[in-house]
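> The following block contains the structure, expressed as structure tokens.
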Amino acid sequence: MTTEATLPSTSASPTARQVWTRTRGIALAVVLLLAAAVAIATIRSDARHGTLDPRAADPQGSLAVAELLADRGVDTRVVTTLDEARAAAAPDTTLLVAVPDLLTQRQQTRLRSATAGSDGRTVLVAPGSSSVERLIPGVTADPATSRASELAPDCALPAAQRAGTADLGGIRYTTTHLDADQCYPSERLATLLRVPETNGDGDTIVLGAPDILYNDHLDEQGNASLALQLLGSRPHLVWYLPSLSDTSAADADDERSFFDLLPSGWVWGTLQLFIAAALAALWRARRLGPLVPEKLPVAIRASETVEGRARLYRKANARDRAAAALRSTTRTRLAPLVGVPVTQAQAPEALLPALSAHLHTHGDGQTLHTLLFGPPPSDDAALIALADQLDALEREVRRP
1 MTTEATLPST
11 SASPTARQVW
21 TRTRGIALAV
31 VLLLAAAVAI
41 ATIRSDARHG
51 TLDPRAADPQ
61 GSLAVAELLA
71 DRGVDTRVVT
81 TLDEARAAAA
91 PDTTLLVAVP
101 DLLTQRQQTR
111 LRSATAGSDG
121 RTVLVAPGSS
131 SVERLIPGVT
141 ADPATSRASE
151 LAPDCALPAA
161 QRAGTADLGG
171 IRYTTTHLDA
181 DQCYPSERLA
191 TLLRVPETNG
201 DGDTIVLGAP
211 DILYNDHLDE
221 QGNASLALQL
231 LGSRPHLVWY
241 LPSLSDTSAA
251 DADDERSFFD
261 LLPSGWVWGT
271 LQLFIAAALA
281 ALWRARRLGP
291 LVPEKLPVAI
301 RASETVEGRA
311 RLYRKANARD
321 RAAAALRSTT
331 RTRLAPLVGV
341 PVTQAQAPEA
351 LLPALSAHLH
361 THGDGQTLHT
371 LLFGPPPSDD
381 AALIALADQL
391 DALEREVRRP
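In full-length UniProt numbering, the protein residues as written are 1 to 400.
In structure tokens:
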């Protein structure tokens with residue numbers, strides 16, 4: 001007879017199928033969120049694709065302007081680096097800078113040094129206050145933008161007078177250059193400036209808004225006329241689209257850390273989040289002392305508790321734990337009936353001899369050992385059979 005009980009192996013760890021069943025809802029939600037994020041990013045990227053690009057036929061592209069200029073003998077070339085833009089500055093070339101605000105301070109200074117004495121024309125599209133002062137000294141941008149988009153020229157610049165009303169609303173500018181042409185004013189501040197160079201025939205034109213270059217606005221007002229005159233004064237047009245891949249943007253003075261790129265109020269915002277989280281924790285932690293037992297509001301039948309626990313065992317596929325609980329409880333109840341102390345009910349060398357003597361059995365001690373201390377059942381049917389056998393054994397012991 002074996003003197004030690006076999007320790008049951010745990011089977012409470014869920015199977016792969018159970019894990020999938022429990023997590024498939026979360027996985028589906030994650031997939032849907034990722035799909036929605038990709039769709040939104042695609043839509044937004046398509047909406048901004050080709051903005052101010054003379055090769056793009058998008059509503060906010062500028063292919064129409066390039067085609068009209070080509071009909072008039074003006075060739076358009078697109079460049080994406082500062083070195084190409086600086087090399088293109090020449091008396092017979094118009095250099096258009098699509099988004100000046102994307103340039104670093106060092107790039108803006110280098111671009112200004114290249115265009116200042118080139119005798120060509122430079123067109124800056126909607127430069128902000130931090131850009132315009134470096135790209136064309138003596139010009140500042142007003143913080144308030146124009147409320148109207150359709151403005152009259154109201155200046156002596158021939159190109160503006162011939163074009164008439166145009167969509168030049170946007171950033172408004174002031175200048176200290178007395179010989180500058182200040183056109184399309186909004187509340188007495190110009191949205192188009194032409195500043196001639198002090199030496200030579202070159203000039204710089206500042207546009208407060210890019211609307212006159214868009215494909216979907218070109219046929220409105222005098223936009224087409226104004227755009228063709230401003231960009232077609234020289235036989236060559238170089239269209240500079242600043243790119244993030246431009247190596248000239250890398251400079252030790254311009255490098256910013258991750259925290260420099262965050263909005264200025266991120267520190268206070270993060271602090272407020274921590275305070276809100278702490279207040280929520282205090283609100284939810286209503287019990288700050290030791291746990292106090294409370295009576296259940298309703299009485300629960302013992303059968304319901306047993307059924308509930310059995311369902312948990314079945315869901316976890318824990319037949320070994322269920323069998324161990326059944327055997328342990330049976331041994332505890334049988335021990336007093338056969339004269340064995342409860343403290344020794346789990347010891348087979350104390351319980352089994354007394355149980356065999358009580359039942360007057362001599363040859364089936366191994367059967368009792370297997371029943372009370374044996375290995376866990378292999379399936380649910382074996383577990384049910386074990387429960388029936390334990391119940392029958394207890395009834396037999398209790399029989400007078």
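Even for Gly, the Cβ is constructed at its ideal location relative to N, Cα and C. Note that the coordinates shown come from a computational prediction; the quantities given were computed from them, not determined experimentally.
#1: Please tell me whether R134 and T115 are closer than 8 Å, where the distance is taken between their beta carbons.
#2: Where do the N-terminal and C-terminal ends of the alpha helix (DSSP H) with Q389 fall, by residue?
#3: Assess contact between the stretch 302-311 and the stretch 369-378, defined as three or more Cβ pairs (one per stretch) separated by less than 8 Å. Is contact present?
#4: Please confirm whether A227 and L213 have their CB atoms less than 8 Å apart.
#5: Using the C-alpha atoms, what's the distance from R24 back to L352?
#6: R194 bridges to which residues according to DSSP?
#7: May I ask which residues mark the beginning and end of the alpha helix (DSSP H) holding A114?
#8: Evaluate D83 with the Cβ neighbour count: other Cβ atoms within 10 Å of its Cβ, from every protein chain shown; 16 or more gives buried, anything less gives exposed.
#9: Alpha carbon to alpha carbon, what distance is there between V267 and G73?
#10: When burial is assigned at 16 or more other CB atoms within 10 Å of the CB, is A300 buried or exposed?
#11: So, L193 versus D201, is the Cβ gap smaller than 8 Å?
#12: On the three-state DSSP scale, how would you describe E349?
#13: Just to confirm, is the Cβ distance from A87 to L95 under 8 Å?
#14: Answer yes or no: do residue 473 and P153 have a C-beta to C-beta separation smaller than 8 Å?
#15: Out of P376, H358, P348 and A281, point me to the one whose CA is closest to Q366's CA.
#16: With a CB to CB cut of under 6 Å and the five nearest residues on each side skipped, what residues in its chain are close to A224?
#17: Who does E150 pair with in a DSSP beta bridge?
#18: Measure the alpha-carbon distance for D216 versus L273 and round it to whole angstroms.
#19: Just mark V195 as buried or exposed, buried being the case when its beta carbon has 16 or more other beta carbons within 10 Å.
#20: Where K295 and A357 are concerned, what is the direct C-alpha to C-alpha distance, given to the nearest angstrom?
#21: Classify T93: buried if its beta carbon has 16 or more other beta carbons within 10 angstroms, exposed otherwise.
#22: Mark S186 as exposed unless 16 or more other C-beta atoms lie within 10 angstroms of its C-beta, in which case mark it buried.
#23: Quick one: residues in its chain with C-beta nearer than 8 Å to the C-beta of E150, no 5 flanking neighbours on either side, listed in chain order?
#24: Reducing DSSP to helix, strand and coil, say where T94 ends up.
#25: Rounding to the nearest angstrom, what Cα-Cα distance links C155 and R234 in this structure?
#26: Rounded to whole angstroms, what's the CA-CA distance from V99 to I26? Just pull it up for me.
#27: So what's A141 in DSSP terms, helix, strand or just coil?
#28: For Q161, which of T198, S130, R121 and Q229 has the nearest alpha-carbon?
#29: Got a sec, what are the start and stop residues for the alpha helix (DSSP H) R77 sits in?
#30: Taking S378 as the reference, which of A322, R399 and T329 has the closest Cα?
#31: Taking the alpha-carbon positions, what's the P263 to T270 distance?
#32: What whole-angstrom Cβ distance do S129 and T140 have, given they're in contact under 8 Å?
In brief:
#1: In the sequence shown, residue 134 corresponds to position 134, counting from 1. In the sequence shown, residue 115 corresponds to position 115, counting from 1. Contact: no.
#2: Your numbering for residue 389 matches position 389 in the sequence shown. Element bounds for Q389: D380 to R398.
#3: Two segments are said to touch when three or more pairs of C-beta atoms, one from each, lie closer than 8 Å; by this definition the stretch 302-311 does not touch the stretch 369-378.
#4: Your numbering for residue 227 matches position 227 in the sequence shown. Your numbering for residue 213 matches position 213 in the sequence shown. Against a cut-off of 8 Å, the Cβ pair of L213 and A227 comes out as a contact.
#5: Along the sequence shown, read from residue 1 onward, the residue named residue 352 stands at position 352. Along the sequence shown, read from residue 1 onward, the residue named residue 24 stands at position 24. The alpha-carbon separation between L352 and R24 amounts to approximately 49 Å.
#6: In the sequence shown, counting from the first residue as 1, residue 194 sits at position 194. Looking at the DSSP assignment, R194 forms a beta bridge with D181 and I205.
#7: In the sequence shown, the residue the question calls residue 114 occupies position 114. A114 -> alpha helix (DSSP H) spans Q105 to T115.
#8: In the sequence shown, residue 83 corresponds to position 83, counting from 1. Exposed, by the Cβ-count rule.
#9: As a first step, residue 73 is located in the sequence shown; it is residue number 73 there, counting from the start. As a first step, residue 267 is located in the sequence shown; it is residue number 267 there, counting from the start. Those two C-alpha atoms are separated by around 56 Å.
#10: Along the sequence shown, one-based indexing puts residue 300 at 300. What sits at residue 300 in the sequence shown is Ile, not Ala. Under this definition I300 is an exposed residue.
#11: As a working note, residue 193 is residue 193 in the sequence shown. As a working note, residue 201 is residue 201 in the sequence shown. Their beta carbons are not under 8 Å apart, which means L193 does not touch D201 by this criterion.
#12: As a working mapping, residue 349 is identified with position 349 in the sequence shown. Three-state result, E349: helix.
#13: Taking the sequence shown and counting its residues from 1, one reaches residue 87 at position 87. Taking the sequence shown and counting its residues from 1, one reaches residue 95 at position 95. Not in contact: A87 and L95 (Cβ atoms no closer than 8 Å).
#14: The first residue shown for the chain is 1 and the last is 400, placing residue 473 beyond what the model contains.
#15: Here residue 366 refers to the residue found at position 366 when the sequence shown is read from its first residue. Of P376, H358, P348 and A281, the residue nearest in Cα terms is P348.
#16: Here the question's residue 224 lines up with position 224 in the sequence shown. Cβ neighbours of A224 within its own chain (closer than 6 Å, five residues either side excluded): L218.
#17: Working through the sequence shown from its first residue, we reach residue 150 at position 150. Beta-bridge pairing links E150 to D167.
#18: What you label residue 216 is simply residue 216 of the sequence shown in a count that begins at 1. What you label residue 273 is simply residue 273 of the sequence shown in a count that begins at 1. In a straight line, the C-alpha of D216 is about 44 Å away from that of L273.
#19: Position 195 of the sequence shown, counting from 1, holds the residue named residue 195. So V195 ends up on the buried side.
#20: Residue numbering aside, residue 295 sits at position 295 when the sequence shown is read from its first letter. Residue numbering aside, residue 357 sits at position 357 when the sequence shown is read from its first letter. Rounded to whole angstroms, K295 to A357 spans 45 Å at the Cα level.
#21: By one-based count along the sequence shown, residue 93 stands at place 93. So T93 ends up on the buried side.
#22: In the sequence shown, residue 186 corresponds to position 186, counting from 1. Within 10 angstroms of the beta-carbon of S186 lie 16 or more other beta-carbons, which makes it buried.
#23: One-based indexing of the sequence shown puts residue 150 at position 150. Cβ neighbours of E150 beyond the five flanking positions: T165, A166, D167, G169 and Q221.
#24: What you label residue 94 is simply residue 94 of the sequence shown in a count that begins at 1. T94 sits in a strand when the DSSP states are folded into three classes.
#25: The residue labelled residue 155 in the question sits at position 155 within the sequence shown. The residue labelled residue 234 in the question sits at position 234 within the sequence shown. If you draw a straight line from the Cα of C155 to the Cα of R234, it is about 22 Å long.
#26: Within the sequence shown, the letter at position 99 stands for residue 99. Within the sequence shown, the letter at position 26 stands for residue 26. If I take the Cα positions, the gap works out to 43 Å.
#27: In the sequence shown, the residue the question calls residue 141 occupies position 141. Three-state result, A141: strand.
#28: Within the sequence shown, residue 161 is the residue found at index 161, counting from 1. With distances taken between Cα atoms, Q161 lies closest to Q229.
#29: Here residue 77 is taken as the residue at index 77 of the sequence shown, counted from 1. Where R77 is concerned, there is no enclosing alpha helix (DSSP H), although the beta strand (DSSP E) it sits in stretches over D75 to V79.
#30: Mapped onto the sequence shown, residue 378 falls at position 378. In terms of CA proximity to S378, A322 leads the group A322, R399 and T329.
#31: By 1-based counting over the sequence shown, the position of residue 263 is 263. By 1-based counting over the sequence shown, the position of residue 270 is 270. C-alpha separation (whole angstroms): 11 Å.
#32: By 1-based counting over the sequence shown, the position of residue 129 is 129. By 1-based counting over the sequence shown, the position of residue 140 is 140. 7 Å between Cβ atoms; contact.
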